[in-house]
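Inspection log for the structure reproduced underneath, given as structure tokens.
Residue numbers (the UniProt record's numbering): 1 to 82.
Written out as structure tokens, the structure is:
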């Protein structure tokens with residue numbers, strides 16, 4: 001089932017979701033470590049972090065939208081070279 005979540009942004013964002021139900025304490029700590037790291041990173045060459053929230057057993061990380069697809073796809077297209 002898909003649900004719409006209203007976010008207070010007037011621009012396009014991407015929401016990375018991580019299913020958190022059943023995570024071990026170490027996995028939860030690692031996940032929140034990623035959020036804390038994203039909160040500290042500010043550089044024009046790094047995708048921007050805006051916020052996070054928990055919704056229906058998922059951690060949602062709200063990040064800057066970047067056109068052009070994923071880093072994985074870019075690396076595959078460049079045959080492993082950037």
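Ideal Cβ placement from N, Cα and C applies to all residues, glycine included.
Item	Value
Distance, residue 78 Cα to residue 52 Cα	32 Å
Candidates 45, 60, 25 and 44: closest to residue 19 by CA position	60
Simplified DSSP assignment, three categories, for residue 64	strand
Cβ-Cβ distance between residue 14 and residue 65 below 8 Å	yes
C-alpha distance - residue 58 paired with residue 17, whole-angstrom precision	6 Å
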